[in-house]
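Quick note, the sequences are listed as chains A and B, same order. Quick note, the first sequence lines up with residues 1 to 141 if you use this note's numbering. Quick note, the second sequence lines up with residues 1001 to 1371 if you use this note's numbering. Here the structure comes first, spelled out in C-alpha cells, and everything after it is commentary.
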Amino acid sequence: MTTPPIIRIVLDSPSGHYRPGDRLAGRFLVEGTQMRTVRSAELSVLWYTAGKGEEDFAVHHFERLVDDVAKPLDLRVPHRFSTLLPPSPLSYDGQIVKVCWCVRVRLFMPHVQEAAAELPFRLGSVATASGVAADESEPLP
Amino acid sequence: MALVRTATGAMPSHSFRELAMLPRPRLFVKKRGTRRTGAPWVGMVAEGFLSAGLLTVGGLGLYWLIDHVASVADAGRWPWFAMLIPIALIVYGAIALVGVLWHSAASTERRAAVVQMATDWELPGADARPARPVLPTVPPIDAVIDSAGVRLAYRLPIDAAPGWVSFTMAAVCLTWNTLVAVFVLKVISLHRDGHPNWLLTWLMLPFVMAGVWTLVALVRQVLLSTAIGTTLIEVSQHPFYLGGTFHGFVSQTGRLRVRWLQVQLVCEEQAIYQQGTDTRRATSRVYRAVLLSQRKFEIEPQRAFEASFDLTLPDSAMHSFASPHNAVMWSLLVCGRLARWGSFERRFPIYVYPLRVTALPPSAPVTLAGA
C-alpha cells in the first residue's frame, strides 16, 4: 500500500496574520528522502465559507506544476509562491457564517488518487461575532 | 504547520480478501443534505452514461431524419422541424458530457480558478473600469446611491421584502377565494334548485372560513402599509466603512400615536442550506446599536416626525459580504410600536466596506500560473 506523502506548507510570516493588500509569500515541499512520482501539483490561495450554510469558495491565486520528462517535478525541493492579498473578504468567525482563508496544496499521483494539505491564515482583524438577544431592543415603559 | 488530508486511495490491485470486504453496491442510497452514503464516482459514471446515451439517441435520430429527407421525394416540412428534437438532445448531451469529463479531470480549485478567470475577461463594448471601486464579495452600492437626499447626500431605498409579502398574500387570497367561490356558487345553485347537498355545504364551511381569514389578513396588511405612512432615511455618505462616523436623518409620516420608535444599526448573518430536499435560510443577528430612541409622541399628517442621528461603525466588525449561500448584511432599522397598529419594522440595507474607499488597495484579479 502506498502511504500518502507528507506535505509541508510554510508561510514567511510566522504569525499567519495579514492585512488587505499585503504580500503573502511562502513555500511548500513534500517531506521524505526519496523522490515521489507526482503527475502534477496544485497550489491555491483561496477563501471558503464554513458554518450553517452551504460552502462557497473562491480561488485568489492558483499555480499548477506538471511533471515533465524534460523537467521532472521534484517536490523535495521547496517551491516558493507569492501573491498580493485582496481587500476582501476578510477572515471572519461569525455565529452561522465563517470566512476562512488558506493555502492549499493538492498532489496528483499515479497510485494514490490525490493528497491535499492546507494551511490557514487570517486576513484582516475582524473580531469574533457574538449573538444579540431578540428582545433587547424594546425600551422599558 | 501543515494539516495533511489524504483523499480516498485508489489501489492498483486488490487481494481476494480485500475484494470480499468491499461493500456491496447499493441500489438505493440515503441523501443527507449534500452528503450521500454512496460513492460519488458512481453518480459521475451514471451521469456520463446518461449524457452519452442522450448524445447517441440524438445522433441516431438526426441521422434517421436526414436519411428520410434524402430518400423520400416529397418529405414535407415536418422532418426539418422535427430535427430540433435530436439537435437539442445532442447539444444537451454534449454539454453534460464535457461537464462530467471536466469535473472528473480537474480539481475543484482548478475549475474555480478557470471560472474566475473567465468572469474577469473584458467583453468587447463593455466598460472595463466600473465607476466605483468593486471589492470581491462586497455587494455593489449602485442600487443604494442612485437617489439623492433632501437633507443629506443619499436617500436609502427601503427593503422590498414587505412589498413582496403583500403581493404574495394578495395572490394567495385571490387564488384561494376564486376557487372557493366556484364551489360556493355551485352549492348555492343546488340550494336554489331545491336539491340541497348538505354534506358539500358543511364541507365548504372550513374552506370559506379560511378564505375569509386570508381576506382579513390581506386587508390588515394593506392598512398597515398605508396607515403607517412613509418612512425615509437619508445618510451623509455611502458606502460606509468600518470605524467611520456618519450622519443620518429619519422622517416618518402618517397619523399615528407612537408608543416607542427606534432607529437601529443592525448586522445579520444569513446562511442558505439544504435540509433533505428543502432549501432553508437561517439568520442570526450579531450586532445591534440603538441610534435614536423616542417614546410616547404623536405624528400628525401635516407634521411628520423628523430627527437626526449619528452612527459609528465598530472598527473590528465584519464588512458587508455576499456569496451564493452566505451573507453578512448591514441595515438601518426603523422599528417601533403604535397604539392601534401594533409593532412595525422597516429595513433600509446599507453597505459597509472593509476600509475607506479612497484607501482601497488595488483589487487584484485571480492569478493563474501554469494552469
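Idealized CB from N, CA, C, for every residue including glycine.
Smallest Cα separation from residue i: which of the options?
i         : options                                    : result
A/Val105  : A/Val126, A/Tyr18, A/Pro20, A/Val59        : A/Val59
A/Ser40   : A/Met109, A/Arg122, A/Glu118               : A/Met109
A/Ser88   : A/Trp101, A/Leu119, A/Glu114               : A/Trp101
A/Tyr92   : B/Gly1336, B/Ala1327, B/Phe1348            : B/Ala1327
B/Gly1270 : A/Asp56, A/Glu42, A/Ile6                   : The sequence shown places Gln at residue 1270 of chain B, not Gly. Measuring from the Cα of B/Gln1270, the nearest candidate turns out to be A/Asp56.
B/Gln1264 : B/Ala1227, B/Gly1248, B/Leu1223            : B/Gly1248
B/Gln1302 : B/Arg1337, B/Thr1253, B/Ser1343            : B/Thr1253
A/Leu107  : A/Glu31, A/Thr128, A/Pro86                 : A/Glu31
B/Pro1314 : B/Pro1140, B/Trp1260, B/Ala1105, B/Val1286 : B/Val1286
B/Val1100 : B/Glu1047, B/Ile1188, B/Ser1189, B/Ser1166 : B/Glu1047
A/Leu65   : A/Ala50, A/Glu42, A/Thr128                 : A/Glu42
B/Thr1312 : B/Phe1167, B/Gln1237, B/Leu1232, B/Ala1210 : B/Gln1237
B/Ser1323 : A/Tyr48, A/Gly94, A/Val10, A/Val69         : A/Tyr48
Need the endpoints of the alpha helix (DSSP H) that residue i sits in, please.
i         : result
B/Ala1073 : No alpha helix (DSSP H) holds B/Ala1073; DSSP gives it neither H nor E.
B/Trp1341 : Taken as a continuous stretch (DSSP letters only), B/Trp1341 belongs to no alpha helix (DSSP H), as it is neither H nor E.
A/Val38   : Looking at the DSSP string, A/Val38 is not in any alpha helix (DSSP H), and its letter there is neither H nor E.
B/Val1115 : 1108–1120
B/Ala1082 : 1078–1082
Per DSSP, what kind of secondary structure is residue i in: helix, strand or coil?
i         : result
A/Arg76   : coil
B/Pro1361 : Low local confidence applies: a pLDDT of 49 at B/Pro1361 is under 50, so the model's placement there is unreliable, with the coordinate-based value given in what follows. Reduced to three states, the DSSP call for B/Pro1361 is coil.
B/Asn1197 : coil
B/Ala1096 : helix
A/Leu43   : strand
B/Thr1143 : Per the sequence shown, residue 1143 of chain B should be read as Ala rather than Thr. Looking at B/Ala1143 - three-state DSSP - the assignment turns out to be coil, as it is neither helix nor strand.
B/Ala1002 : Unreliable positioning characterises B/Ala1002 in this predicted model, as indicated by a pLDDT of 45, which lies under 50. A coordinate reading is not provided.
B/Tyr1351 : coil
A/Leu71   : At residue 71 of chain A the sequence reads Lys, which differs from the Leu that was named. It is coil, neither helix nor strand.
B/Gly1149 : coil
A/Glu136  : Only weak support exists for where A/Glu136 lies, its pLDDT of 48 falling under 50; the value from the coordinates is given anyway. Looking at A/Glu136 - three-state DSSP - the assignment turns out to be coil, as it is neither helix nor strand.
B/Ser1251 : strand
A/His17   : strand
B/Ile1087 : helix
A/Thr3    : coil
A/Leu90   : coil
B/Ala1217 : helix
A/Ala50   : strand
A/Leu84   : strand
B/Ala1322 : strand
B/Leu1373 : As shown, chain B starts at 1001 and ends at 1371. That puts residue 1373 of chain B outside it, with no answer to give.
B/Ile1228 : coil
B/Pro1012 : Unreliable placement is indicated for B/Pro1012, whose pLDDT of 38 sits below 50; the coordinate value is still reported in the next sentence. Coil, per DSSP.
B/Leu1135 : coil
A/Thr128  : coil
A/Leu65   : strand
A/Leu11   : strand
Taking Cβ positions, are residue i and residue j nearer each other than 8 Å?
i         : j         : result
B/Arg1062 : B/Ile1090 : Reading off the sequence, residue 1062 of chain B comes out as Leu, not Arg. In this structure, B/Ile1090 lies closer than 8 Å to B/Leu1062 by Cβ.
B/Val1134 : B/Tyr1353 : no
B/Val1250 : B/Val1144 : no
A/Arg122  : A/Arg80   : no
A/Leu29   : A/Thr83   : no
A/Arg112  : A/Pro4    : Note that residue 112 of chain A is Val in the sequence shown here, rather than Arg. Going by C-beta atoms, A/Val112 is nearer than 8 Å to A/Pro4.
B/Ile1158 : B/Phe1344 : no
A/Leu73   : B/Glu1109 : no
A/Val103  : A/Leu75   : no
A/Ile7    : A/Gly51   : no
A/Leu119  : A/Tyr18   : no
B/Leu1261 : B/Gln1221 : no
B/Glu1268 : B/Thr1283 : yes
B/Val1187 : B/Asn1197 : yes
So residue i and residue j are in contact, right, with Cβ under 8 Å, and what is the actual spacing, rounded?
i         : j         : result
A/Val77   : B/Ser1316 : With a Cβ gap of about 41 Å, A/Val77 and B/Ser1316 do not count as contacting.
B/Val1180 : B/Val1208 : 6 Å
B/Trp1341 : B/Leu1224 : 6 Å
B/Phe1348 : B/Ser1331 : 6 Å
A/Gly53   : A/Leu90   : About 18 Å separates the two Cβ atoms, so there is no contact after all.
B/Arg1257 : B/Arg1337 : About 10 Å; that fails the 8 Å criterion.
B/Val1172 : B/Thr1214 : 6 Å
Which residue marks the beginning of the beta strand (DSSP E) containing residue i, and which one marks its end?
i         : result
B/Met1329 : 1326–1338
A/Arg27   : 23–31
B/Val1286 : 1278–1299
A/Glu55   : Run containing A/Glu55: none; DSSP gives neither H nor E here.
A/Pro120  : 114–123
B/Asp1310 : 1305–1312
A/Val99   : 97–108
B/Trp1260 : 1256–1275
B/Leu1232 : 1231–1235
Please indicate yes or no: does the CB of residue i lie closer than 7 Å to some heavy atom of the ligand ADP?
i       : result
A/Gln34 : Because no ligand of any kind appears in the structure shown, any question about the ligand ADP cannot be addressed here.
Can you find a C-beta in chain C that's less than 8 Å from the C-beta of residue i?
i       : result
A/Tyr18 : Absent from the structure: chain C. Protein chains present are A and B.
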